[in-house]
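Asker:
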Amino acid sequence: MTHFILNRLLQSVALLIGVLILVFFMIRLTGDPTSLMVSRQASVEEVERIREELGFDRPPWVQLVDYLSDVLRGDLGTSLSLDQPNLALLMERLPATFELAIGALLIAIVIGVPLGIVSGMYQNTIVDYLARFTALIGQTVPNFWLAMIFIVVFGVRLRWFPTFGRDGFRSIILPAFALSLLAMGQFVRVARSAVLEARRSNYVRTAHAKGLNPAHVTIRHITPNALIPLISVIGIQFTYMLGGSIYIETIFSWPGLGRLLNDAIQNSDFPLVQAITIFIAIFAISVNLLTDILYGITDPRIRQQ
Amino acid sequence: MNKTAINPAILEADATSSQRGVWSGLWRQFRSDFGAQVGLLLTLIIIVVAVFADVIAPYGPTDGDFSSARLPPAWVEGGSMDHLLGTDQLGQDIFTRIVYGSRVSLTVSIFGVLLAMSIGVTAGMVAGLFGGRVDAAISAVVNLILSVPYLILVIVVATILGRSLINVILIFGVTDSPIFARITRGEVLRLRNEEYVEAARSLGANNYQILFFHIFPNLLRVLITVATFEMSAMIFYESGLSFLGLSVPPEVPSWGNMLALGRQYLTIFPWMAIYPGIAISITAIGINLLGDWLGDALDPQNEDDA
Numbered sequence: 019m020t021h022f023i024l025n026r027l028l029q030s031v032a033l034l035i036g037v038l039i040l041v042f043f044m045i046r047l048t049g050d051p052t053s054l055m056v057s058r059q060a061s062v063e064e065v066e067r068i069r070e071e072l073g074f075d076r077p078p079w080v081q082l083v084d085y086l087s088d089v090l091r092g093d094l095g096t097s098l099s100l101d102q103p104n105l106a107l108l109m110e111r112l113p114a115t116f117e118l119a120i121g122a123l124l125i126a127i128v129i130g131v132p133l134g135i136v137s138g139m140y141q142n143t144i145v146d147y148l149a150r151f152t153a154l155i156g157q158t159v160p161n162f163w164l165a166m167i168f169i170v171v172f173g174v175r176l177r178w179f180p181t182f183g184r185d186g187f188r189s190i191i192l193p194a195f196a197l198s199l200l201a202m203g204q205f206v207r208v209a210r211s212a213v214l215e216a217r218r219s220n221y222v223r224t225a226h227a228k229g230l231n232p233a234h235v236t237i238r239h240i241t242p243n244a245l246i247p248l249i250s251v252i253g254i255q256f257t258y259m260l261g262g263s264i265y266i267e268t269i270f271s272w273p274g275l276g277r278l279l280n281d282a283i284q285n286s287d288f289p290l291v292q293a294i295t296i297f298i299a300i301f302a303i304s305v306n307l308l309t310d311i312l313y314g315i316t317d318p319r320i321r322q323q
Numbered sequence: 132m133n134k135t136a137i138n139p140a141i142l143e144a145d146a147t148s149s150q151r152g153v154w155s156g157l158w159r160q161f162r163s164d165f166g167a168q169v170g171l172l173l174t175l176i177i178i179v180v181a182v183f184a185d186v187i188a189p190y191g192p193t194d195g196d197f198s199s200a201r202l203p204p205a206w207v208e209g210g211s212m213d214h215l216l217g218t219d220q221l222g223q224d225i226f227t228r229i230v231y232g233s234r235v236s237l238t239v240s241i242f243g244v245l246l247a248m249s250i251g252v253t254a255g256m257v258a259g260l261f262g263g264r265v266d267a268a269i270s271a272v273v274n275l276i277l278s279v280p281y282l283i284l285v286i287v288v289a290t291i292l293g294r295s296l297i298n299v300i301l302i303f304g305v306t307d308s309p310i311f312a313r314i315t316r317g318e319v320l321r322l323r324n325e326e327y328v329e330a331a332r333s334l335g336a337n338n339y340q341i342l343f344f345h346i347f348p349n350l351l352r353v354l355i356t357v358a359t360f361e362m363s364a365m366i367f368y369e370s371g372l373s374f375l376g377l378s379v380p381p382e383v384p385s386w387g388n389m390l391a392l393g394r395q396y397l398t399i400f401p402w403m404a405i406y407p408g409i410a411i412s413i414t415a416i417g418i419n420l421l422g423d424w425l426g427d428a429l430d431p432q433n434e435d436d437a
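Chain order of the listed sequences is A and B.
No gaps in the numbering here: position 183 of the first sequence is 201 in the numbering used here, and each next residue is one more.
No gaps in the numbering here: position 51 of the second sequence is 182 in the numbering used here, and each next residue is one more.
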């Protein structure tokens, strides 16, 4: 087990450095990275000054080493539009985004997983069709459009919930629900197909052949095995939510990372865009590592690979 | 494994029956699958709308008339039959812009998927066939790109490159290619060890014959399904990029651009945002259902059951 964890840890570190190098090259796609790092009104002299200041006039490999050591020491640069360290801005906004993403994840799990399990147990019944329709809607209808429909219907017409800001429990319901739909659809699909697979497996057939109570087989034999593939999907969906929050937070004026990213894009504040990208990528790699380890603990077959 | 007792005639008969199996399998599934019928119908409607946009749309895509700005849909009080779904703040007909918007969505998704497929399938085949260091290098890049949340990756590249139709297609084509590379590589590795490939090899087929006559046709079954789902995903993501102001320029009628504009007037003129969103949803649902059908019908395992 220790060997497995250590191995995955090393892979993640390699991946992390790979992602940083990827970002380094992406910034240089247009040839001159300086143009991304200055405000649009900057004069020619100012651009030259910043080019020197940021060291873009030095050999590329020196820049790369410098950039890697900066990021690994936690220096993510300074925002152009807000004139503050990017990391401080990120940390300030992070709690709001986590709150929203965890709320959305809970909604998606509580509705999506049971729906998927029931759908797999009663294949081709009305429940199954309903579940598959939910999954289809979640994965095709843009959540930023549904979010706007929610605002019009539940906020403006019915006045059940506030439509903007982060102010108490009632204010999180609409944005969290809108953010949960994509994950919910995926959970339904994964839980359903895992149940279908488990129902076809030999150990379930054996359990039925032994004459066990069908409810007992469902709860003790099918459900636990159906839950294992969900672990990694839940991890992936959580990281997707940090990205997806750019829409939901913008639409609901939720003061988190997503809205910060949208503001940065609209203000051409590229250093901040880059910092948020690096942060979310590092976060995604960490979550993947964590889910892999959990997966290894729950499923001994994975460890042997 | 017994390599001596294989009669080439049997292999050939097998190959032709499996070709026939694909078409009859598609048709058999289609007849009994309500989702497939809806999916095909919706997809065909969208394609017809995009191709004949000039004929269908009552106005030009950028024709605006301030005297008829902000009209509600025809069936709402104050609406007029001249503008079925109402008009935006510049007096542009919303129905017209939705009709033209289908072109952006379909162009981006079709060319984006074709580009992603060309890059990905090539890389995946090279990795799967050559193995060793080449495979390790390609797989490392694939894993690297897939480790970054897709939306964030697309957003940051779009921010760097700036908004234009070509850029959007390039961005989707490149960032989506790892999916195709990973699937192709996996399929090539799996198929390489299949009995019929081994049989063909023992009958004297060389690597290229095996690739084109045995591995590629089977790969195609998987790729068609994946490509369909990726098209529906690209329509979703393109509208998302447009919504953030990172896709086609603002004057181009795209569904995401219309939604972004509609958001600014959401509480007063909600129709500006409602109808483009319905267009995105219908298109994505149609293509997705099509993918479900192809996936079920082209899966060799299902064919055995039938």
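Each residue gets a CB set at the ideal place from its N, CA and C atoms; glycine is no exception.
Between the alpha carbons of V213 of chain A and H239 of chain A, how many angstroms are there, rounded?
Answerer: As a position in the first sequence, residue 213 of chain A is number 195, starting the count at 1. As a position in the first sequence, residue 239 of chain A is number 221, starting the count at 1. Rounded to the nearest angstrom, the two C-alpha atoms are 10 Å apart.
Asker: Residues of the stretch 395-410 of chain B with a CB closer than 9 Å to any CB of chain A: list them in chain order, please.
Answerer: Residues L397, T398, P401, A404, I405, P407, G408 and I409.
Asker: Output yes if chain A places a C-beta closer than 8 Å to the C-beta of N388 of chain B; else output no.
Answerer: Indexing the second sequence from 1 puts residue 388 of chain B at position 257. Closer than 8 Å: no.
Asker: Please state if the CB of G95 of chain A and the CB of F13 of chain A are separated by a distance shorter than 8 Å.
Answerer: The displayed coordinates of chain A run from 19 to 323. Any statement about residue 13 of chain A would go beyond what the structure contains.
Asker: Around the Cβ of L192 of chain A, are there at least 16 other Cβ atoms within 10 angstroms (buried) or fewer (exposed)?
Answerer: Mapped onto the first sequence, residue 192 of chain A falls at position 174. Classification for L192 of chain A: buried.
Asker: Enumerate, from N- to C-terminal direction, the unbroken beta strand (DSSP E) stretches of 3 or more residues contained entirely within the stretch 160-202 of chain B.
Answerer: Complete beta strand (DSSP E) runs here, min 3: none at all.
Asker: Does the beta-carbon of F187 of chain A have 16 or more other beta-carbons within 10 angstroms, so that it is buried, or is it exposed?
Answerer: Numbered from its first residue, the first sequence carries residue 187 of chain A at position 169. With fewer than 16 other Cβ atoms within 10 Å, it is exposed.
Asker: Decide if the stretch 219-231 of chain B is in contact with the stretch 160-169 of chain B; the criterion is three or more beta carbon pairs, one per stretch, under 8 Å apart.
Answerer: With the cut-off at 8 Å, the stretch 219-231 of chain B and the stretch 160-169 of chain B do not touch.
Asker: Could you check the C-alpha separation between L124 of chain A and L47 of chain A for me, to the nearest Å?
Answerer: Here residue 124 of chain A refers to the residue found at position 106 of the first sequence. Here residue 47 of chain A refers to the residue found at position 29 of the first sequence. When rounded, the distance between both Cα atoms is 39 Å.
Asker: At a CB-CB cut-off below 7 Å, which residues of chain A make contact with V279 of chain B?
Answerer: Taking the first residue of the second sequence as 1, we reach residue 279 of chain B at position 148. Ordered by position in chain A, the residues that pass the 7 Å Cβ test against V279 of chain B are V37, A299 and A302.
Asker: With 9 Å as the C-beta to C-beta threshold (strictly closer), list the residues of the stretch 281-292 of chain A near chain B in chain order.
Answerer: From the stretch 281-292 of chain A, only A282, I283, Q284, S286, F288, V291 and Q292 have a Cβ closer than 9 Å to chain B.
Asker: Excluding the 5 residues flanking M365 of chain B on each side, which residues of the same chain have their C-beta closer than 8 Å to its C-beta?
Answerer: What you label residue 365 of chain B is simply residue 234 of the second sequence in a count that begins at 1. Excluding sequence neighbours, M365 of chain B sits near V239, S240, G243, V244, F303 and D307.
Asker: At what residues does the alpha helix (DSSP H) containing D224 of chain B begin and finish?
Answerer: Position 93 of the second sequence, counting from 1, holds the residue named residue 224 of chain B. No alpha helix (DSSP H) holds D224 of chain B; DSSP gives it neither H nor E.
Asker: Run down chain A in chain order and give the residues with a C-beta less than 8 Å from the C-beta of L377 of chain B.
Answerer: For this step, residue 377 of chain B is matched to residue 246 along the second sequence. Going along chain A in sequence order, the residues near L377 of chain B (Cβ under 8 Å) are I283.
Asker: So S438 of chain B is in the alpha helix (DSSP H); what residue range does that whole segment cover?
Answerer: With chain B running from 132 to 437 in the structure shown, residue 438 of chain B is simply not present.
Asker: Anything in the stretch 412-426 of chain B with a Cβ closer than 7 Å to a Cβ of chain A? List those residues in chain order, please.
Answerer: Answer set for the stretch 412-426 of chain B: S412, A415, I416 and N419.
Asker: What is the rounded straight-line gap between the Cα of P204 of chain B and the Cα of G156 of chain A?
Answerer: Residue numbering aside, residue 204 of chain B sits at position 73 when the second sequence is read from its first letter. Residue numbering aside, residue 156 of chain A sits at position 138 when the first sequence is read from its first letter. When rounded, the distance between both Cα atoms is 27 Å.
Asker: Considering only the beta carbon of each residue, do P289 of chain A and A114 of chain A sit closer than 8 Å?
Answerer: As a working note, residue 289 of chain A is residue 271 in the first sequence. As a working note, residue 114 of chain A is residue 96 in the first sequence. Contact: no.
Asker: Please list, in chain order, the residues of the stretch 43-57 of chain A that have any C-beta partner in chain B closer than 8 Å.
Answerer: Answer set for the stretch 43-57 of chain A: M44, I45, L47, T48 and L54.
Asker: From what residue to what residue does the alpha helix (DSSP H) around R238 of chain A run?
Answerer: Position 220 of the first sequence, counted from the start, is the residue given in the question as residue 238 of chain A. Run containing R238 of chain A: none; DSSP gives neither H nor E here.
Asker: Touch check for the stretch 158-169 of chain A and the stretch 79-91 of chain A: three-plus C-beta pairs under 8 Å?
Answerer: Cβ pair count under 8 Å is below three, so no.
Asker: Taking the alpha carbon of R234 of chain B as the reference point, which residue from B:N419, B:I314, B:D224 and B:V180 has its own alpha carbon closest?
Answerer: Taking the second sequence and counting its residues from 1, one reaches residue 234 of chain B at position 103. The residue with the shortest Cα to Cα distance from R234 of chain B is B:V180.
Asker: Taking 8 Å as the CB-CB cut-off, is G156 of chain A touching chain B?
Answerer: Working through the first sequence from its first residue, we reach residue 156 of chain A at position 138. No, G156 of chain A lies away from the interface with chain B (no Cβ there is under 8 Å from its Cβ).
Asker: For the alpha helix (DSSP H) holding R313 of chain B, just list the boundary residues, first then last.
Answerer: Numbered from 1 along the second sequence, position 182 holds the residue referred to as residue 313 of chain B. Residues L296 to R323.
Asker: From the beta carbon of D435 of chain B, is the nearest beta carbon of chain A less than 8 Å away?
Answerer: Locating residue 435 of chain B in the second sequence gives position 304, counting from the first residue. Reliability fails at D435 of chain B, whose pLDDT of 43 lies under 50, so the model's placement of it is uncertain and no value is given.
Asker: Going residue by residue through the stretch 375-437 of chain B, where are the continuous alpha helix (DSSP H) segments of at least 4 residues, counting only ones entirely within it?
Answerer: Within the stretch 375-437 of chain B, the complete alpha helix (DSSP H) runs of at least 4 residues are 386-395, 402-429 and 431-436.
Asker: Would you mind sorting M248 of chain B into buried or exposed? The rule is 16 or more other CB atoms within 10 Å of its CB.
Answerer: Counting from one through the second sequence, the residue named residue 248 of chain B turns up at place 117. Classification of M248 of chain B: buried, given that the 10 Å Cβ count is 16 or more.
Asker: Using Cβ-Cβ distances below 8 Å, what residues of the stretch 352-371 of chain B are close to chain A?
Answerer: From the stretch 352-371 of chain B, only S363, F367, S370 and G371 have a Cβ closer than 8 Å to chain A.
Asker: Pop quiz: G261 of chain A and I310 of chain B are said to be a contact at Cβ under 8 Å. What is the actual Cβ separation, rounded to whole angstroms?
Answerer: Mapped onto the first sequence, residue 261 of chain A falls at position 243. Mapped onto the second sequence, residue 310 of chain B falls at position 179. About 17 Å; that fails the 8 Å criterion.
Asker: For chain A, check one thing: does any of its Cβ atoms lie closer than 8 Å to the Cβ of F374 of chain B?
Answerer: The sequence position of residue 374 of chain B within the second sequence is 243, counting from 1. True, the Cβ-Cβ gap to chain A drops below 8 Å.
Asker: Name, please, each residue of chain A whose Cβ falls closer than 8 Å to the Cβ of V273 of chain B.
Answerer: Taking the second sequence and counting its residues from 1, one reaches residue 273 of chain B at position 142. The contacting residues do not exist; V273 of chain B stays about 11 Å from chain A at best.
Asker: Strictly under 8 Å for the Cβ-Cβ distance: is G261 of chain A near chain B by that measure?
Answerer: Numbered from its first residue, the first sequence carries residue 261 of chain A at position 243. Yes, G261 of chain A lies at the interface with chain B (some Cβ there is under 8 Å from its Cβ).
Asker: From this set, B:V230, B:R316 and B:F367, which residue's C-alpha is nearest A271 of chain B's C-alpha?
Answerer: Against the second sequence, residue 271 of chain B aligns to sequence position 140. Comparing Cα-Cα distances from A271 of chain B to each of B:V230, B:R316 and B:F367, the minimum goes to B:R316.
Asker: In three-state DSSP terms, what is P103 of chain A?
Answerer: For the purposes of this step, residue 103 of chain A is taken as residue 85 along the first sequence, with counting starting at 1. Three-state DSSP puts P103 of chain A in a strand.
Asker: For T181 of chain A, which three-state DSSP category applies?
Answerer: In the first sequence, the residue the question calls residue 181 of chain A occupies position 163. Residue state, collapsed to three classes: coil.
Asker: Give the interface partners of I311 of chain A over in chain B, defined as CB-CB distance under 8 Å, in chain order.
Answerer: To locate residue 311 of chain A, count along the first sequence from 1; it is residue 293. Within chain B, no residue comes near I311 of chain A; the closest Cβ sits about 16 Å away, beyond 8 Å.
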